[in-house]
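Scroll down for the structure; my scribbles are underneath it.
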Amino acid sequence: MIGVVWKPAALTPRDSKISGCLHRTKGADNLLTVNVEAVLEDFAVLGHGIVRDVRRNCSTSSDENNQENGG
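Okay, so the sequence shown: first residue is 0 according to numbering that gives the first Met the number 0, each after it adds one.
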């Protein structure tokens, strides 16, 4: 198993820039957010023949806060 830990700044929505568009999608207020599913898919593609499965097993702190607050 290989674990990946995201830097909190990487998950922060950002202004649109050509150089910062890789693996990002347009979110609220036209800010770019990380397309986590695309990143995970690329892990599987890059690891073809070595990687058997790629799963998302954790949540962001904002996801946890939403669950605690009934969201």
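For each residue, glycine too, the CB sits at the ideal point set by N, CA and C.
Q.
Bridge partners for Lys25 per DSSP, in chain order?
A. Position 26 of the sequence shown, counted from the start, is the residue given in the question as residue 25. Lys25 pairs with Leu31.
Q. Do Leu31 and Arg13 come within 9 Å of each other at the CB atom, strictly closer than that value?
A. Along the sequence shown, read from residue 1 onward, the residue named residue 13 stands at position 14. Along the sequence shown, read from residue 1 onward, the residue named residue 31 stands at position 32. Yes. Within cutoff.
(Q) Based on DSSP bridge pairs, tell me the residues matched to Arg13. (A) Residue numbering aside, residue 13 sits at position 14 when the sequence shown is read from its first letter. DSSP, once it has assigned bridges, lists Leu31 as partnering Arg13.
Q: Pull up the distance between the alpha-carbon of Ile1 and that of Asn29, whole angstroms please.
A: Translated into the one-based positions of the sequence shown, residue 1 becomes position 2. Translated into the one-based positions of the sequence shown, residue 29 becomes position 30. Going by the C-alpha atoms only, they are around 33 Å apart.
Q. If we ignore side chains and look at the alpha-carbon of each, how far apart do Phe42 and Cys57 end up?
A. Against the sequence shown, residue 42 aligns to sequence position 43. Against the sequence shown, residue 57 aligns to sequence position 58. Their Cα atoms are separated by approximately 16 Å.
Q: Count the other C-beta atoms from every protein chain shown that fall within 10 angstroms of the C-beta of Val4, then say buried if there are 16 or more, exposed otherwise.
A: The count along the sequence shown starts at 1 and reaches residue 4 at position 5. By the neighbour-count rule (16 or more Cβ atoms within 10 Å), Val4 is not buried but exposed.
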